[in-house]
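To start, the structure under review is shown below, and the notes come after it.
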Amino acid sequence: MSENSEENPDLTPAEPHENERDLSIDAQILSDYKGIIPNHVAIIMDGNGRWAQQRGMMRLKGHHEGAHSVRRIVEACRYLNVGVLTLYAFSTQNWSRPETEVSGLMKLFGIYIRKERNRLLKNGIRLRVIGDREALSKGLRSAIESLEAASKDNTGMLLQVAVSYGGREEILAATRKIAEAVRAGELEPEEINEATFGRHLYTGGEPDPDLVIRTSGEFRISNFLLWQLAYSELYFLDKLWPEFTKNDFYNAVIDFQKRERRFGMTSEQLGK
Ligand code: FPP
Numbered sequence: 306m307s308e309n310s311e312e313n314p315d316l317t318p319a320e321p322h323e324n325e326r327d328l329s330i331d332a333q334i335l336s337d338y339k340g341i342i343p344n345h346v347a348i349i350m351d352g353n354g355r356w357a358q359q360r361g362m363m364r365l366k367g368h369h370e371g372a373h374s375v376r377r378i379v380e381a382c383r384y385l386n387v388g389v390l391t392l393y394a395f396s397t398q399n400w401s402r403p404e405t406e407v408s409g410l411m412k413l414f415g416i417y418i419r420k421e422r423n424r425l426l427k428n429g430i431r432l433r434v435i436g437d438r439e440a441l442s443k444g445l446r447s448a449i450e451s452l453e454a455a456s457k458d459n460t461g462m463l464l465q466v467a468v469s470y471g472g473r474e475e476i477l478a479a480t481r482k483i484a485e486a487v488r489a490g491e492l493e494p495e496e497i498n499e500a501t502f503g504r505h506l507y508t509g510g511e512p513d514p515d516l517v518i519r520t521s522g523e524f525r526i527s528n529f530l531l532w533q534l535a536y537s538e539l540y541f542l543d544k545l546w547p548e549f550t551k552n553d554f555y556n557a558v559i560d561f562q563k564r565e566r567r568f569g570m571t572s573e574q575l576g577k
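Read in order, the letters of the sequence shown are residues 306 to 577 in this note's numbering.
Below is the structure:
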């Protein structure tokens, strides 16, 4: 791939991908299992760069292929009636990547938001972008705000995309907001509890993730939803994000269904 095609890559969207063919088989597996579906799934989509580099392609090509996986997994979540899907798309720390990769990713987010608009709206999906949006370009911000406004009354599923997001940064931002509310006399220090704190986070009002998936064989949380992951079930798999199929997603859900979530209690207390 030439340098020019890295800057102007082929962005043809949403052609059915070969990995998308296996839905019916997977659906059968899952309907046989009849377990609890996680209400909130969060995903650390890792391995786009390696996927591309292993094929002698530019890293950005891996991100484009990763966008196909996003479409697949949004569909899979809708199919299972997952309530919230949170995707870690770009961390605060990712701003330090080479400029061409950063600008290519920003362009890709804008294209995804514009191209998927009708599809998301038609499927009752609400979009929310979490992170420091002041750091985004005006054009991207306005595309995000436009789709957030158009989808705000949708009740099908919340698609939360973390862009320019950091868990520590989110906690600091919430702390600052709370401190300002105390200084303004709107909040007493004694009123600061988990619920108050949670409401001041970017994810305020949404339940914590039940299941967190990370692809690419890395075992890290990487500054993702640090407050919200306190009791989430973690699932790591050794597959790069562009290769992540609906079947892989259903397997993660099936694994989740076998876990005993005790929230600090004993099995006996849970009545098992
Ligand atoms: C991590 O892989 C992935 C990212 C930093 C970008 C994620 C972006 C997408 C999947 C594009 C589409 C997203 C949306 C929401 C439309 P990496 O680049 O760190 O991979 P590596 O560890 O192999 O280098």
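Positions of the beta carbon are idealized from the N, C-alpha and C atoms, including for glycine.
Predicted, not measured: the structure shown is a model, and the values here were computed from it.
Is Pro514 near Leu530, with beta carbons less than 9 Å apart?
yes
Three-state secondary structure assigned by DSSP to Ile418:
helix
Give every residue of the same chain whose Cβ lies closer than 6 Å to the Cβ of Glu370, excluding the five residues on either side of it in the sequence, and list them in chain order.
Pro547
Please name the residue in Gln359, Cys382, Ala372 and Lys563 whose C-alpha comes closest to that of Lys551.
Cys382
So, are the CB atoms of Phe414 and Val466 less than 9 Å apart?
yes
Under a three-way DSSP split, which group does Gln574 fall into?
coil
Those runs of the alpha helix (DSSP H) which lie wholly inside the region 419-473 and span at least 4 residues:
422-427 and 443-455
Work out the CA separation of Asn353 and Arg566 for me, nearest whole Å.
31 Å
Between the CA atoms of Ile518 and Ala557 - distance to the nearest angstrom:
8 Å
Taking the C-alpha atoms as reference points, what is the distance between Leu575 and Pro403?
50 Å
Return the residue from the list Arg525, Gly510 and Ala535 that minimises the CA-CA distance to Leu542.
Arg525
Contact set for Ser572: own chain, Cβ-Cβ below 6 Å, skip 5 residues either direction
none
Residues bridged to Ser396 by DSSP?
Tyr470
With Tyr540 as the anchor, note down where its alpha helix (DSSP H) starts and where it stops.
From DSSP, Tyr540 is part of no alpha helix (DSSP H) but of the beta strand (DSSP E) over Glu538 to Phe541.
Given a threshold of 16 other Cβ atoms within 10 Å of its Cβ, counted over all protein chains shown, does Gly569 qualify as buried or as exposed?
exposed
Tell me, to the nearest whole angstrom, how far the beta carbon of Val375 is from that of Leu392; I am working on the premise that it is less than 8 Å.
7 Å
Residues near Ala479 by beta carbon distance below 7 Å, same chain, minus five either side:
Phe502, His505 and Leu506
To the nearest whole angstrom, what separates the beta carbons of Val389 and Leu452, a pair I think is in contact under 8 Å?
Not confirmed; about 17 Å, so no contact.
Grouping DSSP H, G and I as helix and E and B as strand, with all else coil, what is Arg377?
helix
Going by CA-CA distance only, name the one from Ala372, Met362, Ile378 and Gly361 that's closest to Asp553.
Ile378
Rounded to a whole number of angstroms, what is the C-alpha to C-alpha distance between Val387 and Leu426?
16 Å
Following the continuous alpha helix (DSSP H) through Ile559, name the residue where it begins and the one where it ends.
Lys551 to Gln562
Extent of the continuous alpha helix (DSSP H) to which Ala347 belongs:
Note, Ala347: premise wrong, no alpha helix (DSSP H); beta strand (DSSP E) at His345 to Ile349.
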